[in-house]
Amino acid sequence: MGRRDLLVAAGVLRDRFGRVLLVGNDWQGLGRVRHTLPGGVVEPGETLLEALYREIAEETGLKLTGIKHMAYTVHIEDERRGERAIAVAFEATWDGLLNPADPDGFIVEARFCTPDEAIDLLESPPMREPLSDYLRTGEPGRFYAFKGWDGRGGLRVPPLKPESSVR
1 MGRRDLLVAA GVLRDRFGRV LLVGNDWQGL GRVRHTLPGG VVEPGETLLE ALYREIAEET
61 GLKLTGIKHM AYTVHIEDER RGERAIAVAF EATWDGLLNP ADPDGFIVEA RFCTPDEAID
121 LLESPPMREP LSDYLRTGEP GRFYAFKGWD GRGGLRVPPL KPESSVR
């Protein structure tokens with residue numbers, strides 16, 4: 001089996017109370033919801049920002065009105081599944097009302113959460129740790145790397161820490 005390389009765009013969207021938008025995914029169709037930032041894979045012919053605007057509209061019903069900055073980048077190597085992903089999260093401004101219309105049918109909810117709630121809902125270290133750092137520090141542009149498989153369905157975190165990250 002060959003390796004699959006993915007480029008992913010994600011949005012850090014906040015409401016006027018500082019709450020962070022998460023979407024609930026049932027991408028395996030098993031009734032088990034996993035929360036993530038809204039976003040998804042860049043499709044052939046799309047730019048990273050075009051994918052971000054499309055995914056936010058599909059998954060949340062919101063319209064992005066601008067990009068504040070690149071919040072952080074995450075490199076993920078999943079040896080077991082043969083995937084490598086680069087995920088870029090952008091802090092963005094938005095308009096509209098939450099009304100998910102995911103054509104893939106994976107998104108079962110979209111809601112704003114306090115930063116603590118958001119961190120508690122994110123199960124995956126590659127999603128949770130960078131967002132936690134970003135919400136805590138407000139410092140954009142950090143790079144995170146996650147590599148390996150721990151045999152229990154989770155990724156091992158390598159020695160690369162945000163303090164030593166590339167900026």
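Numbering-wise, UniProt numbering puts 93 at position 93 of the sequence shown, and it's gapless, one number per residue. Ideal Cβ positions, reconstructed from N, Cα and C, are used throughout, including at glycine. Note that the structure is a prediction, hence the values are computed from the model and not measured.
Sequence-distant residues of the same chain with beta carbon closer than 7 Å to residue i, five excluded per side
{"i": "Asn99", "result": "Gly61"}
{"i": "Glu123", "result": "Arg34"}
{"i": "Met70", "result": "Val88, Phe90, Pro140, Gly141"}
{"i": "Leu97", "result": "Gly61"}
{"i": "Lys68", "result": "Glu91, Ala92, Thr93"}
Residue i versus the options, residue with shortest Cα-Cα distance
{"i": "Pro125", "options": "Asp5, Asp78, Phe146", "result": "Phe146"}
{"i": "Val8", "options": "Thr65, Asp120, Ile86, Arg136", "result": "Ile86"}
{"i": "Arg4", "options": "Asp26, Gly82, Thr114", "result": "Gly82"}
{"i": "Val55", "options": "Ala118, Ile107, Asp116", "result": "Sequence check: residue 55 is Glu here, not Val. Measuring from the Cα of Glu55, the nearest candidate turns out to be Ile107."}
{"i": "Glu43", "options": "Leu6, Ile76, Gly29, Arg14", "result": "Leu6"}
{"i": "Tyr144", "options": "Leu131, Gly105, Thr73, Arg128", "result": "Thr73"}
{"i": "Thr93", "options": "Thr65, Gly31, Leu30", "result": "Thr65"}
{"i": "His75", "options": "Arg84, Ile67, Gly105", "result": "Arg84"}
{"i": "Leu48", "options": "Leu97, Ser132, Val88", "result": "Val88"}
{"i": "Gln28", "options": "Met127, Asp104, Leu131, Leu121", "result": "Asp104"}
Cβ neighbour criterion (16 or more within 10 Å) applied to residue i
{"i": "Val41", "result": "exposed"}
{"i": "Arg142", "result": "buried"}
{"i": "Glu129", "result": "buried"}
{"i": "Gly2", "result": "exposed"}
{"i": "Leu13", "result": "buried"}
{"i": "Asp102", "result": "buried"}
{"i": "Gly18", "result": "exposed"}
{"i": "Leu30", "result": "exposed"}
{"i": "Gly138", "result": "exposed"}
{"i": "Glu59", "result": "buried"}
{"i": "Gly45", "result": "exposed"}
Cβ-based neighbour list, residue i, same chain, cut-off 8 Å, excluding 5 preceding and 5 following
{"i": "Glu109", "result": "Val23, Gly24, Val33, Pro100"}
{"i": "Leu135", "result": "Val20, Pro115, Ala118, Ile119"}
Short Cβ contact (7 Å threshold) for residue i with residue j
{"i": "Ala10", "j": "Leu37", "result": "yes"}
{"i": "Phe90", "j": "Asp15", "result": "no"}
{"i": "Lys63", "j": "Asp95", "result": "yes"}
Identity of the residues DSSP links to residue i by a beta bridge
{"i": "Asn25", "result": "Arg34, Ile107"}
{"i": "Lys68", "result": "In the DSSP output, where bridge partners are listed per residue, Lys68 has none listed."}
{"i": "Gly11", "result": "Phe90"}
{"i": "Ala101", "result": "According to DSSP, which records beta bridges pairwise, Ala101 is partnered with nothing at all."}
{"i": "Leu6", "result": "Ala85"}
Nonlocal neighbours in the same chain, by C-beta distance under 6 Å from residue i, ignoring five residues either side
{"i": "Glu77", "result": "Arg84, Lys147"}
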